[in-house]
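Asker: What follows is a structure written as structure tokens; I'll ask about it next.
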Amino acid sequence: MSRRRIIAGNWKMNKTPSEAKALIEELKPLVVNPDVDVVYCVPAIDLTTAIEATKGTNVSIGAENMYFEESGAYTGEISPNMLTDIGVKYVIIGHSERREYFAETDATVNKKVIKAFEHGITPIICCGETLEQREQGITLDWIRMQIKIAFQNVTADQAKEAVIAYEPIWAIGTGKTATAEQAEEVCAGIREVIGEIYDDATAAAIRIQYGGSMNASNAAELLSKPNIDGGLIGGASLKADFGKIVNA
Ligand code: PEP
77 MSRRRIIAGN WKMNKTPSEA KALIEELKPL VVNPDVDVVY CVPAIDLTTA IEATKGTNVS
137 IGAENMYFEE SGAYTGEISP NMLTDIGVKY VIIGHSERRE YFAETDATVN KKVIKAFEHG
197 ITPIICCGET LEQREQGITL DWIRMQIKIA FQNVTADQAK EAVIAYEPIW AIGTGKTATA
257 EQAEEVCAGI REVIGEIYDD ATAAAIRIQY GGSMNASNAA ELLSKPNIDG GLIGGASLKA
317 DFGKIVNA
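Here the numbering used here runs 76 ahead of the position in the sequence shown, where the first position is 1.
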């Protein structure tokens, strides 16, 4: 089964709206590739600008977070309706930085995933182990648990549309990339657990990205692996290198 590639940038807390517009203009000619879904996940305040600036291009816009309630007294949060109203198509859920600094858990990840699907937003669901967990030899057990919780009460039809980002925490923003073999081993394990939760068709359909210091020089090797369908890119999504990754 051939899965469509998906390369997503995670801008994190970078770029003002005017800087976002300039970066999108700079990247415009570099990210054209009809065989790849290209997504920029941008800070909430940049979303409207990014949607306007990418109109008529092959780029979709995603949020970096979203709350799991429809509306109400949740100061500082953004609801799914607010995202869909302006044309946001994707949302990153459970990035390790949100888990570390903003107390997100597997349980809140699951609530957000369910809410995203209810609103037709594609979740990019992050999972990943710490260096300590890798050294303890529990990487796959940990990831299997994260995936099982994230997908509770998610239907097979919804799961087929989901994107999972495998991001070893020790590789995020550190310049240390997982080897293509390490990344493939975990991405294959994720596909296996999706097959156990649902069925072979769902496992074959779901798209799995690698994330963690992916750049223009290591992308081609990582993306050549059979279970790696794309990348979630932090640092390198803020420069022209991103175009090289899209075309790797
Ligand atoms: C990320 O933030 O999801 C990420 C992978 O960052 P970086 O590419 O900078 O390691």
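C-beta: ideal position from N, C-alpha, C; glycine also. Source: prediction; values computed, not measured.
Return the chain-ordered list of same chain residues with a C-beta closer than 7 Å to the C-beta of Ala126, the five sequence neighbours on each side being excluded.
Answerer: Ala96, Ile100, Tyr116, Val118 and Ile137.
Asker: Contact defined as beta carbons within less than 8 Å: I believe Ile190 pairs with Val167. What is the distance between those atoms, to the nearest angstrom?
Answerer: Actually they do not touch by this definition, with Cβ atoms about 12 Å apart.
Asker: Taking 7 Å as the cut-off, does the CB of Met142 come closer than this to any heavy atom belonging to the ligand PEP?
Answerer: Result no, Cβ not under 7 Å from the ligand PEP.
Asker: Between which residues of its own chain and Leu314 is the CB-CB distance below 8 Å, once the five residues before and five after are set aside?
Answerer: Correct list, in chain order: Gly85, Trp87, Asn90, Lys91 and Leu99.
Asker: Quick check on Arg79: does DSSP put it in helix, strand or coil?
Answerer: In the structure shown, Arg79 sits in coil (DSSP, three-state: anything other than H, G, I, E or B).
Asker: Indicate the three-state DSSP secondary structure (helix, strand or coil) for Gln285 in the structure shown.
Answerer: Three-state DSSP puts Gln285 in a strand.
Asker: Okay, do the stretch 106-114 and the stretch 141-151 touch, 3+ Cβ pairs below 8 Å being the bar?
Answerer: Taking 8 Å as the limit for Cβ pairs, the verdict is that the stretch 141-151 does not touch the stretch 106-114.
Asker: Residues in its own chain within less than 6 Å of Val112 by CB, not counting five upstream and five downstream?
Answerer: Answer for Val112: Arg81, Ile83 and Val322, listed in chain order.
Asker: By DSSP's criteria, Tyr166 is part of a beta bridge. Which residues make up the other side?
Answerer: Answer by DSSP bridge pairing, in chain order: Gly138 and Thr198.
Asker: Roughly how many angstroms separate the alpha carbons of Gln258 and Asp161, rounded to a whole number?
Answerer: Cα to Cα, Gln258 sits roughly 39 Å from Asp161.
Asker: CB of Asn86 to nearest heavy atom of the ligand PEP: below 7 Å?
Answerer: True, at least one ligand heavy atom lies under 7 Å from that Cβ.
Asker: Does the beta-carbon of Gly310, which I'm using as the reference point, lie nearer than 7 Å to any heavy atom of the ligand PEP?
Answerer: Checking the Cβ of Gly310 against the ligand PEP gives yes.
Asker: Let me make sure I understand the geometry here. Which of Asn291, Gly311, Ile270 and Leu123 has the alpha-carbon closest to that of Lys224?
Answerer: The shortest Cα separation from Lys224 among Asn291, Gly311, Ile270 and Leu123 belongs to Ile270.
Asker: Measure the Cβ-Cβ separation of Gln228 and Asn294 and say whether it is below 8 Å.
Answerer: No.
Asker: How about the stretch 200-211 and the stretch 235-247: do they share at least three Cβ pairs that are nearer than 8 Å?
Answerer: With a cut-off of 8 Å, the stretch 235-247 and the stretch 200-211 count as touching, because enough Cβ pairs lie within range.
Asker: In the DSSP assignment, find the unbroken beta strand (DSSP E) run with Ala241 in it and report its ends.
Answerer: Its beta strand (DSSP E) spans residues Val239 to Tyr242.
Asker: How should Ile121 be labelled, buried or exposed, when 16 other C-beta atoms within 10 angstroms of its C-beta is the threshold for buried?
Answerer: Exposed, because fewer than 16 other Cβ atoms sit within 10 Å of the Cβ of Ile121.
Asker: Less than 7 Å separating the Cβ of Met158 from some heavy atom of the ligand PEP?
Answerer: Met158 Cβ: outside cutoff for every heavy atom of the ligand PEP.
Asker: Determine the DSSP secondary structure at Asn186, reduced to helix, strand or coil.
Answerer: Three-state DSSP puts Asn186 in a helix.
Asker: In chain order, what residues of the same chain have a beta carbon less than 8 Å from the beta carbon of Glu72, not counting five sequence neighbours either side?
Answerer: The chain is shown from 77 up to 324; residue 72 falls before or after that span and cannot be answered.
Asker: Report all residues from its chain with a CB closer than 8 Å to the CB of Thr184; omit the five preceding and five following residues, and keep chain order.
Answerer: Taken in chain order, the residues that qualify are Phe144 and Gly170.
Asker: Which residues bound the alpha helix (DSSP H) around Asp217?
Answerer: Asp217 -> alpha helix (DSSP H) spans Thr215 to Ala226.
Asker: Classify Glu102: buried if its beta carbon has 16 or more other beta carbons within 10 angstroms, exposed otherwise.
Answerer: Exposed, since its Cβ has fewer than 16 Cβ neighbours within 10 Å.
Asker: Using alpha carbons as the reference points, say which of Ala139, Gly163 and Trp218 lies closest to Glu153.
Answerer: Per the Cα distances, Ala139.
Asker: Which residue or residues does DSSP assign as beta-bridge partners of Cys263?
Answerer: Answer by DSSP bridge pairing: none, since Cys263 is not bridged.
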